[in-house]
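Residue numbers (the numbering used here): 1 to 438.
No residue lacks a Cβ here, since even glycine has one placed at the ideal position from N, Cα and C.
Bear in mind the structure is a predicted one, so any value in this text is a computation, not a measurement.
Some notes on the structure that comes next.
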């Protein structure tokens, strides 16, 4: 009986040995470290969608020059013309860059007399980032420069198309000697603008509509929000080890693990996150910082809808602040100083995120309570800009935007005129009014 038991035990041991050998031979090894360090972030379920840098860079305005000192402006919500022009230009090749002084050409004369299109960006974009959006020759010496606009026009004198990239230094331009654009291409772009709203030039470089804009809608949008627990899981290595503080009975909620801090305010709609980064000797490169910012948002909260890279500024000797403007239905949301909403902002130190500010609100795609609104134009708008001391070289762009007003479970988005000042600050300059019923 004992010998029989030994035989059964030996058989079981052999079977187990064969099974383990099979696992070693055919199973995939588990290589991930069992113990994570404080530098690791917990990867939880995705919250918002991920985004690529090429989708965060697009012109804030397309200025169409019709000739005879006539102009119009297309914004991202000017469908389908904006999309058609931008899509065609993204498929063209721009090669043979040659640098020259911006004063080598009389741009005021070109603007008055020649047909063309200007692509104006919300901020200067480094060449190496712009190459992710347009097919620009990468083999030239000035690729580390930044570009704030592209101007393509047809020259009456030589019956040709000329393409210029304007450096953000204000002194240089780069001409693409080999751009596969024809006079017919430019005439096609200009043709889209012949029956659109006429614009006048104000303050040498600011485009203002000659008449009121009546195609804007006020709307109410329902929203959800990311929970505090979701953001804790995304931003802390061990959410269970964080300490919770309360700044008064109705103040913001504060969470910290000693190294990282998280503040939730505005009734649970706004997040401010900080991380103490160890100083490094790496260079503080803009492109690296922008890419790090995009990747950070992809991993920690994701993107709610369309955003535009609009701001970069130094926050110290070794820090850079990056801002992404939020759009809804292709119109930027500008909240002003009354409430934090409509943008994401990150502070980076040599590619490491040390500050992260964003909304926790998730806007619905459906809207209710739509109302036709009218934005002022012509003399009325010029007077408003003058009274607010916006003109006189103090503003670099004027564009329609939405100003948000929070309700309990929804947001009212009201059309306004917004201006970007030369300092980079965006301000609301004019409200809309009810449009006359037809």
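Cut-off 7 Å between Cβ atoms - residues of its own chain near residue 384, not counting five sequence neighbours on either side: So the qualifying residues of the chain are 376, 429, 430.
Sequence ranges, beta strand (DSSP E) only - wholly within the region 174-236, length at least 3: 199-202, 206-209, 213-225
Straight-line Cα distance separating residue 434 from residue 50: 38 Å
Distance, residue 270 Cα to residue 70 Cα: 44 Å
Cβ-based neighbour list, residue 412, same chain, cut-off 6 Å, excluding 5 preceding and 5 following: 220, 405
Sufficient close CB pairs (3 or more, under 8 Å) joining the region 134-147 to the region 64-82: With a cut-off of 8 Å, the region 64-82 and the region 134-147 do not count as touching, because too few Cβ pairs lie within range.
Which of helix, strand or coil DSSP assigns to residue 288: helix
Reduced DSSP secondary structure (H/G/I, E/B, other) of residue 424: coil
Check whether residue 98 and residue 134 have beta carbons under 8 Å apart: no
DSSP-derived helix/strand/coil call for residue 297: helix
Cβ separation of residue 403 and residue 414, assumed to be a contact under 8 Å, to the nearest whole Å: Indeed they touch by this definition, with Cβ atoms about 5 Å apart.
Beta-carbon contacts of residue 217 that lie in its chain and below 6 Å, excluding the five residues immediately before and after: 370
Meets three-Cβ-pair contact criterion under 8 Å: the region 353-364 and the region 198-217: no
C-beta atoms of residue 187 and residue 109 nearer than 8 Å: No; because the gap between Cβ atoms is not below 8 Å, this pair is not in contact.
Span separating the alpha-carbon of residue 401 from that of residue 265: 25 Å
Minimum C-alpha distance to residue 290 - residue among 387, 177, 312: It is 312.
Alpha-carbon spacing of residue 398 relative to residue 117, whole angstroms: 17 Å
Contacts around residue 211, its chain only, beta-carbon distance under 8 Å, and the 5 residues preceding and following it disregarded: 197, 198, 377, 378
Length of the line joining the Cα atoms of residue 284 and residue 146: Spanning the two alpha carbons is a distance of roughly 15 Å.
Helix, strand or coil at residue 384 [DSSP, three-state]: helix
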